[in-house]
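Read through the structure below, which is laid out as structure tokens, and then see the notes.
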Amino acid sequence: MPADADGESSLAVTARAESFVEFDRVQKSYDGATLVVKDLNLSIAKGEFLTMLGPSGSGKTTCLMMLAGFETATSGEIRLDGRPINQVPPHKRGIGMVFQNYALFPHMTVAENLSFPLEVRGMARPEREAKIARALDMVQMGGFGSRRPAQLSGGQQQRIALARALVFDPGLVLMDEPLGALDKQLREHMQFEIKHLHESLGITVVYVTHDQGEALTMSDRIAVFNDGRIQQLAPPADLYERPGNSFVAGFIGENNRLPGTVEDRSGDKALVRLATGELIDATPVSITEKGSRTVVSIRPERVEFKPEMMPPGARTLDAEVVEVIYMGDILRTVLKVAGTDDFVMKMRNTLGQTRLAPGQKIKVGWHPQDARALDP
Amino acid sequence: MADSALLTTADGRPLAQALAEAQGRARRRAFWLVVPLLLFVLVSFILPIGQMLHRSVHHDGFSANAPAVSAWFAANPPGTQPDEAAFAALAQDLRAMQANRTAGEAGTRVNYVLPESRSLFTKTARSAKDMTPPFKAALLAADPKWDDPRVWAAMRSSSSAYTADFYMVALDFERGPDGSLERVPENRQIYVYLFVKTFVLSGLITLICLLIGFPVAHLLATLPMARANLLMILVLLPFWTSLLVRTTSWMALLQGEGVINDLLVWIGVIAGDGRLRMINNQTGTIIVMTHILLPFMILPLYSVMRVIPPSYARAARSLGATSWTTFRRVYLPQTLPGIGAGSLLVFILAVGYYITPALVGGADGQLISNLIDFHMDKSNWSLAAALSAMLLVGVLILYWLYERLVGIDRLKLG
Ligand SMILES: Nc1ncnc2c1ncn2[C@@H]1O[C@H](COP(=O)(O)OP(=O)(O)O)[C@@H](O)[C@H]1O
Ligand SMILES: [Mg+2]
Chain A
355 MPADADGESS LAVTARAESF VEFDRVQKSY DGATLVVKDL NLSIAKGEFL TMLGPSGSGK
415 TTCLMMLAGF ETATSGEIRL DGRPINQVPP HKRGIGMVFQ NYALFPHMTV AENLSFPLEV
475 RGMARPEREA KIARALDMVQ MGGFGSRRPA QLSGGQQQRI ALARALVFDP GLVLMDEPLG
535 ALDKQLREHM QFEIKHLHES LGITVVYVTH DQGEALTMSD RIAVFNDGRI QQLAPPADLY
595 ERPGNSFVAG FIGENNRLPG TVEDRSGDKA LVRLATGELI DATPVSITEK GSRTVVSIRP
655 ERVEFKPEMM PPGARTLDAE VVEVIYMGDI LRTVLKVAGT DDFVMKMRNT LGQTRLAPGQ
715 KIKVGWHPQD ARALDP
Chain B
123 MADSALLTTA DGRPLAQALA EAQGRARRRA FWLVVPLLLF VLVSFILPIG QMLHRSVHHD
183 GFSANAPAVS AWFAANPPGT QPDEAAFAAL AQDLRAMQAN RTAGEAGTRV NYVLPESRSL
243 FTKTARSAKD MTPPFKAALL AADPKWDDPR VWAAMRSSSS AYTADFYMVA LDFERGPDGS
303 LERVPENRQI YVYLFVKTFV LSGLITLICL LIGFPVAHLL ATLPMARANL LMILVLLPFW
363 TSLLVRTTSW MALLQGEGVI NDLLVWIGVI AGDGRLRMIN NQTGTIIVMT HILLPFMILP
423 LYSVMRVIPP SYARAARSLG ATSWTTFRRV YLPQTLPGIG AGSLLVFILA VGYYITPALV
483 GGADGQLISN LIDFHMDKSN WSLAAALSAM LLVGVLILYW LYERLVGIDR LKLG
């Protein structure tokens, strides 16, 4: 998208220099009774890889469809490159799109599929052919132009769908669970290739998935959706290490949940009394005041049982080993802690690692920063 | 593979033999399972059609009842002037016909080739008993038409039981005096005209069905479930009502004093004395047959459209195509199997349709099937069979064309 800012709108363009795509208080209802998307505010920078991550039915596809123009926003405004596009029909938005089932036209060959967006733009044949060849090479499918989609494997169809969405040089590409139908190994490979294409072409990508691993490895930022709202919008590391509420903590990665009440709160420290009476230190995240109920979330790989690994003065809890599961790179240890018997601790399988046995009594602790007091 | 011959099963039998045995058992069982169906198809389908095709080329009404003349024809090449021997043989046959009361049967057969010659046989046979030689003179005295070379040409072509005469008649040809094929005079040419009309009207009906059925099928495939079901019931309603009831209600709607004319007069579109003739003519046939055959277009279309994911259209739109381009280049091509199946189905049904033209077609709305029925009514089985066989060939040619153009494996009926 050329930033063709003319005189009078240049002010507006500079004001939104950072945001290429903007959702402004967007709401969506299909039936007039329930909101599927509730007050969506999101701005995506040019060249960014943004992922919408969330469970099925959380409204991700709806958001993508509103951006592509296949659904209309019930209220609010969507802007592309500073222009409101609510009233622009899909074929005039110039947005590339990759669908979950690829949606390659079955009655056309691969080359004809790629030629389609160029033909409707009135491009001349030699130019079309050059572009098609370039796009096919880009996804390493150079020799497949004359095949029909049905003669390709799932992974190959995926590449063609990708090439078709990119062949007309869109500035923005939307992908709705594009790798959902592929097996694990191929999926990981394609994740890498999509990411690589994003970087080399400098396009903006809005990517939808329900697979957190995919979201964490590919994205610049992740918007976690639930119940029609963005629960948290942050880069992958932030999201994983500093989940903003208990939904995000539970949805992304494994986490241990210890329910309790806030005993004391001062600045960035909170003292939480667990249901079983023990006191632990935690970092307050989404709790309001003293006496309120909370759930403390701790990642299994941040739980320690060797005193020398804990910060000085850290509070510990009594634990009893229930079982140790050997997983190769890690030892997954299930513990009985503070009334729960599914507390997990992950230990790296290093040469000198202590071997714990079921029934063994130990003490566990963690850095207060890693124990996050969230809304219950 | 030299060692593949050495492969044996665990119990020592050669592998190929064991495989053949194992598959043979399954095949035999499958065969016995389909035997009843096979018999049914044979008895109810192949035999009757075979019999029809046989009748269309076989008629021994003359050859069986006029053996002597038939023998003379066999002995003398075509074009031979009938001599006294021929007339003697004819007189002998006519006597036998009178005794067996088969003059009508023989005359009917000749009548196919040369109209208005049946009475020649029945009339002359009555007086044949008293004829004396010379027979030529006697027969000419009974009716001078016996001197007409056309009569002899007709008798010659009737004298063999197997004949293409009925196809000749069905194509509006007849035998000239020298036995050659000639077009019948224009005022008696009906069959070819009716065939052409039948195919043209069927094509028109198919086209109208497609134009109406396509949007309906699309609605059916895209509406939410509850409303689609309601629409489906409306589409299927004609199947659940008697054909006669439907046809009669069309009469009530379309006739001169019918609902539609009344409405048009009331609105003022037409004057009271300018009421439209929409029934008992070709228009009636087209309207009513379109209605009756519409479901056969909609259902195959629907079954194809239902499985076209909406993401194709969305993909096309996102790639920059207008809705019209999307329809033309992405949606329409994918519905082709449905269009082909529906059109083939409607066309074939229309070509053979009989009851509706008979009820609402009037004089100019009659199709070839009504003529076939007419001949069956008159016991002209062979001619009816020849007409049916030509209809069958016409349909098979279309089927072949479809196979060449679209491919029969892409046919989708539901
Ligand atoms: N076309 C539609 N009509 C009615 N409801 C819909 C439609 N599409 C989606 N929904 C509903 O909207 C909600 C969000 O759906 P969707 O955006 O597809 O979620 P996601 O992609 O996150 O799984 C779901 O409850 C779904 O049932
Ligand atoms: Mg979805």
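Sequence lines, in order, name chains A and B.
Those letters in the first sequence? Residues 355 to 730, by the numbering used here.
Those letters in the second sequence? Residues 123 to 536, by the numbering used here.
Where a beta carbon is used, it is the ideal one built from N, C-alpha and C, also for glycine.
Keep in mind it's a predicted model, so treat the numbers as computed, not measured.
Relative to the Cα of G474 (chain B), the nearest Cα in the group B:Q488, B:G464 and B:A463 belongs to B:Q488. Listed along chain A are A457 and F459, each with a C-beta nearer than 7 Å to that of Y434 (chain B).
Taking C-beta separations shorter than 6 Å and ignoring five residues to either side along the sequence, the partners of S397 (chain A) in its chain run S373 and E376, following chain order.
Closer than 8 Å to the CB of T447 (chain B) there is at least one CB belonging to chain A.
Using a cutoff of 7 Å, the CB of G413 (chain A) counts as near ligand 1, since one of the ligand's heavy atoms is closer than that. Between the segment 593–604 of chain A and the segment 647–654 of chain A, the count of Cβ pairs shorter than 8 Å is three or higher; the stretches touch. Assigned with DSSP and collapsed to three states, N599 (chain A) falls in coil, not helix or strand. About 6 Å separates the beta carbon of A443 (chain B) from that of H445 (chain A), a gap short enough to meet the 8 Å contact definition. Rounded to the nearest whole angstrom, the C-alpha separation of E206 (chain B) and V306 (chain B) is 31 Å.
The DSSP-derived three-state label of A629 (chain A) is coil. Comparing C-alpha distances from A218 (chain B) to each of B:L316, B:S249, B:R240 and B:P237 shows the shortest one belongs to B:S249. By the neighbour-count criterion, in which 16 or more other beta carbons inside 10 Å mark a residue as buried, M347 (chain B) falls on the exposed side. Listed in chain order, the alpha helix (DSSP H) elements of length 4 or more contained wholly in the segment 497–529 of chain B are 503–527. Sixteen is the threshold: when 16 or more other Cβ atoms of the shown chains lie within 10 Å of the Cβ of N467 (chain A), as they do, the residue is buried. With respect to the 8 Å criterion, I486 (chain A) and G476 (chain A) are not classified as neighbours on the basis of their beta carbons.
Of the residues B:V391, B:V387, B:I409 and B:T320, the one whose Cα lies closest to the Cα of C331 (chain B) is B:I409. If you draw a 10 Å sphere on the C-beta of K715 (chain A), you find fewer than 16 other C-beta atoms in it, and that means exposed. For V602 (chain A), the Cβ stays outside the 7 Å cut-off from all heavy atoms of ligand 1. A distance below 8 Å between beta-carbons, with the five flanking residues on each side excluded, links L520 (chain B) to the following residues of its chain, in chain order: L466, F469 and I470. A straight-line Cα-Cα distance of about 21 Å links N403 (chain B) and H497 (chain B). The straight-line gap separating the alpha-carbon atoms of G604 (chain A) and A387 (chain A) is approximately 29 Å. Taking 8 Å as the threshold, the shortest C-beta distance from T444 (chain B) to chain A falls below it. Per DSSP, the unbroken beta strand (DSSP E) holding Y561 (chain A) starts and ends at T558 to T563.
For E632 (chain A) and V718 (chain A), the gap between their C-alpha atoms comes out near 13 Å. Set against 7 Å, the gap from the CB of T416 (chain A) to the closest heavy atom of ligand 1 is smaller. Against chain A, a Cβ distance below 7 Å from S510 (chain B) picks out nothing, because the smallest value is about 38 Å.
Rounded to the nearest angstrom, the gap between the Cα atoms of R541 (chain A) and M420 (chain A) is 26 Å. At least one CB of chain A lies nearer than 8 Å to the CB of S440 (chain B). Under a 10 Å Cβ-count criterion, T246 (chain B) is classified as buried, with 16 or more other Cβ atoms of the shown protein chains found around its own Cβ. Residue-level contact by beta carbon fails for H721 (chain A) and chain B, as no gap is shorter than 8 Å.
Non-local C-beta neighbours of S646 (chain A) in its own chain, meaning closer than 6 Å and more than five positions away in sequence, comprise V616, ordered along the chain.
In the DSSP assignment, the residues bridged to F295 (chain B) are B:R305. Annotation: the continuous beta strand (DSSP E) that includes F697 (chain A) extends over T694 to R702. Per the coordinates, the alpha-carbon of Q173 (chain B) lies some 27 Å from the alpha-carbon of R223 (chain B). At least one CB atom of chain B sits nearer than 8 Å to the CB of I449 (chain A).
Within 10 angstroms of the beta-carbon of G396 (chain B) lie fewer than 16 other beta-carbons, which makes it exposed.
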